[in-house]
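Chains as they are written, first to last, in our numbering: chain Y, 48 to 341; chain V, 33 to 478. All remarks here apply to the structure that follows.
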């Protein structure tokens, strides 16, 4: 169908009454390979940089770890967020911004920290001043002066790296995709900046990169999101946010490794994912999460 | 320097062209000159807005992470469904052979083509990388994405419309007949794919559901019919080509169709509202509250319900206002109401995010105010459409022809009887014999 559209596009200019059918067909036959050739060239340029797609799977061509070749099929990355230990210091937000060149605008974040306060009357207020990047001021912990607090805790947020990600389903040009090791990435050379993935994400994990000096991939106008610091984890390092967390509230690891901290946490603690009813099957799990967070 | 086109030598000397243009403009009636002047001015305003929106990442739009789709998407949806609605309305004549609707054919095709190009222009300005869209849709297609299917069907619709228009003006009736049928089929499918763009999103309860695609088709039929009502009033009022049959057939036909589709729209809006109020579905009930009593209440009650539905229905039904001017007023209000409706639809899905977005927590509603750039693009789009259509109306042969009746594909009592069809064609194509009253009432209430 798309070929039909491409081939027929030159038609209106050519199909004037003075032109013969033969001329129109000749033009069309010449135009189709020309357009496809240009498009192929464009596609080749788009894929040659740092992302390789083959046989329906995607492999990151990042620099390999010192110990040998990175095999994405051997890993299954996941996070467990321990809301019982998070102190809301915001170092993870700062580290993420620095590591990934996230724009300084406090409204644009790959990861952020929310403060959930449950009052005596069971009402819940949620706040995230500046994405929690500078901690949470004391006055934020009280929803109202006259209300007693029943419960309060911090919820670190980021892309859930869903096994069934709505963002990849809706992208019209396959610019966002899921790697074999379970990370959802955005190809900055394919993204058209339509914002459909932002709209489709149930977890609000994406934003559009504005023009400016600080852009994650040097390309403004595309969708951006947390990648679990893919450039780090494929080298055997921790994501920046987990690296700097002073209380180990962000537990990261490989679910394929039964001895990894994340596997132990998933096995030993009662963990749950956000919005399970949507069937997205997140790879970020939470401990100590109240039901109202959904 | 000159070029030879269609047997005529046309000069390309700028001074000669400017002189000729000046003479043409000088010879125009003053109101027409003012109309052109206003439209050109608004187009220039739109062009400035468009230029500012081109560089990727320039924050000239009023959108934000929690409210990513603004008035440009609403305008795109509006023009995209209008182009479909034009074809759906006129298919009653071009495909089903109902004589009342046959005078719509030429004008609907031109309008549909221009509306579709306007829609494409707006979406190109909203996309950060529109060229990648063209290549990406072909080279890395995503059949799981409703947006991809929307591109496929609207792309096909563009091709069919171009063939329909070209064959109409070059007298290739067999090709024209096929193009009419194909464009009419595509005109139904395309808005359903557009509805699916919103309807598949389970994280947006207001949009989510199988109800959204057919609701988009009913909205398409309303906007297309309303635009035809406006245009055919102008044809009737200014006695443009084919005004006799416009007054005798097209205007009553449009009045009938507009009344029916307005009644259908009342049901659609009513059930959408009831659906949102029933129970307490997270996201859906809050979005409905935002429409009924929240930040979207004013456009909903004033533009959508009162001016967009109630007043037009009254104008169409009351005997005193069952005039061409009454139809024009009803069509104009329904058209404006439909634009408000699509904007409310797009905004309501985002006004109550059920999650923080990139660290921003909208409370209680996500805020969005269209920027001047967005408004100028939308205004410029309407002006460009009006300017292009005015030029087409003045410079293309808009009178009816015999081919459209041959194109009445499904309506013939005896489709296999070519002789009958030819005879019917000859009768219908004959110059109008207006011994009958100039306004065809058709009997009945409508």
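Beta carbons are placed, not taken as given, at the ideal position from N, Cα and C, and that holds for glycine. Quick caveat, the model's predicted, so the values are computed rather than measured.
The Cβ-Cβ distance between residue 142 of chain V and residue 421 of chain V falls below 8 Å. Not a single C-beta of chain Y is nearer than 8 Å to the C-beta of residue 205 of chain V. Identification of residues in the stretch 153-173 of chain V having a C-beta nearer than 9 Å to some C-beta of chain Y yields 155, 158, 159, 160, 161, 162, 163, 164, 165, 166, 167, 168, 169, 170, 171, 172 and 173, given in sequence order.
Shown here, residue 154 of chain Y sits in coil according to DSSP, grouped into three states, outside any helix or strand. Rounded to whole angstroms, the separation of the alpha carbons of residue 309 of chain Y and residue 299 of chain Y is 5 Å. Taking the CA atoms as reference points, residue 153 of chain Y sits about 15 Å from residue 136 of chain Y. A buried status is given to residue 114 of chain V, since no fewer than 16 other beta-carbon atoms sit within 10 Å of its beta-carbon. Distance from the CA of residue 106 of chain V to the CA of residue 323 of chain Y, rounded to the nearest whole angstrom, comes to 31 Å.
Residue nearest to residue 336 of chain V within the set V:104, V:351, V:375 and V:101 is V:375 (criterion: CA-CA distance). For residue 250 of chain V, the enclosing alpha helix (DSSP H) stretches over residues 244-269. Listed in chain order, the positions of the stretch 368-395 of chain V with a beta carbon within less than 9 Å of a beta carbon of chain Y are 381, 382, 385, 386, 387, 388, 389, 390, 391, 392, 393 and 395. Shown here, residue 255 of chain Y sits in a strand according to DSSP, grouped into three states. Neighbours of residue 240 of chain Y in chain V, taken as residues at a C-beta separation under 7 Å, are given in chain order as 88, 159, 160 and 161. Membership of residue 223 of chain Y in the beta strand (DSSP E) is indicated by the continuous run 223-225. Contacts between residue 200 of chain Y and chain V, judged by CB atoms closer than 8 Å, are missing: the closest CB pair is about 15 Å apart. Interface with chain Y (8 Å Cβ-Cβ cutoff): residue 233 of chain V is included.
Beta-bridge partners of residue 159 of chain Y (DSSP): Y:204.
Excluding the 5 residues flanking it on each side, residue 386 of chain V has same chain C-beta neighbours closer than 6 Å at 315, in chain order. Following the DSSP letters along the chain, one finds residue 126 of chain Y inside the beta strand (DSSP E) bounded by residues 124-129.
Pairing residue 311 of chain V with residue 320 of chain V gives a Cβ-Cβ distance that is not under 8 Å. For the pair residue 240 of chain Y and residue 268 of chain Y, the CB atoms are nearer than the 8 Å cut-off.
Listed in chain order, the non-local C-beta contacts of residue 120 of chain V below 8 Å within the same chain comprise 216, 219, 220, 249, 252, 253 and 256, local neighbours out to five positions each way being set aside. Of the candidates V:415, V:168 and V:80, V:168 places its Cα closest to the Cα of residue 223 of chain Y. By the neighbour-count criterion, in which a residue is buried when 16 or more other Cβ atoms sit within 10 angstroms of its Cβ, residue 395 of chain V is exposed. If the five residues before and after residue 346 of chain V are omitted, its C-beta is found closer than 8 Å to the C-beta atoms of 353, all from its own chain and listed in chain order.
Per DSSP, the continuous beta strand (DSSP E) segment holding residue 300 of chain Y begins and ends at 297-301. In the assembly as shown, residue 408 of chain V is a buried residue. Its beta-carbon has 16 or more other beta-carbons within 10 Å. Look at residue 260 of chain Y here: in three-state DSSP terms it is coil, with no helix or strand label. Neighbours of residue 303 of chain V across chain Y, judged by C-beta separation under 8 Å, do not exist; the nearest C-beta is about 24 Å away. Contact fails between the stretch 234-248 of chain Y and the stretch 168-179 of chain Y, because fewer than three Cβ pairs, one in each stretch, are under 8 Å apart. Within a 10 Å sphere around the beta-carbon of residue 101 of chain V sit 16 or more other beta-carbons, which makes this residue buried. Put simply, the stretch 222-239 of chain V does not touch the stretch 280-297 of chain V. Fewer than three CB pairs are less than 8 Å apart. Residue 132 of chain V is classed as buried because its beta carbon has at least 16 other beta carbons within 10 Å across all chains shown. DSSP, read as helix, strand or coil, puts residue 158 of chain V in helix. Taken through DSSP and simplified to helix, strand or coil, residue 382 of chain V comes out as coil.
Listed along chain V, the residues sitting closer than 9 Å to residue 213 of chain Y by beta-carbon distance are 232, 233, 234 and 235.
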